[in-house]
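Visitor: Quick note: the sequence shown, position 34, residue 34 per the UniProt record's numbering, numbers continuous. Don't be surprised by glycine CBs; every beta carbon is placed ideally from N, CA and C. Keep in mind it's a predicted model, so treat the numbers as computed, not measured.
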Amino acid sequence: MITDEQEKRIKEIGARIKALRIRSGYTSYETFATDHDLPRKNYWRLETGYNFTIATLLRILDIHKMTMDEFFKELK
Numbered sequence: 001m002i003t004d005e006q007e008k009r010i011k012e013i014g015a016r017i018k019a020l021r022i023r024s025g026y027t028s029y030e031t032f033a034t035d036h037d038l039p040r041k042n043y044w045r046l047e048t049g050y051n052f053t054i055a056t057l058l059r060i061l062d063i064h065k066m067t068m069d070e071f072f073k074e075l076k
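#1: Residue 40 to residue 13, Cα distance in whole Å?
#2: Note down, in chain order, each residue of its chain lying with its Cβ closer than 8 Å to the Cβ of residue 29, except the 5 sequence neighbours on either side.
#3: Could you give the distance in angstroms between the alpha-carbon of residue 60 and the alpha-carbon of residue 71?
#4: Assuming the contact rule is C-beta atoms closer than 8 Å, residue 74 and residue 16 should be a hit. Round their C-beta distance to whole Å, please.
#5: Specify the secondary structure class of residue 74 as computed by DSSP and reduced to three states.
#6: Pick from 10, 4, 34, 27: whose alpha carbon is nearest that of residue 57?
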């Protein structure tokens, strides 16, 4: 079971992933997902803070050529 605090942190990670997409020049999550061979619905769920796997996060970080340290450094 996920605690409220864990859920909040997952949502923060989703917001960070969304910000990376926008910073990359994609206004649409659907276009980003399609261009990177990601299931659109799953990618939307990731950005909106649904629980996800570490493997999915690593795939997103690879797309953005970013390390885990770089990604998490900007989170609170």
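Guide: This is what the structure holds:
#1: Looking at the two C-alpha atoms, the distance is approximately 18 Å.
#2: 18, 21, 40, 43, 44, 47
#3: Straight through space, the alpha carbons of residue 71 and residue 60 are spaced by roughly 10 Å.
#4: 7 Å
#5: coil
#6: 10
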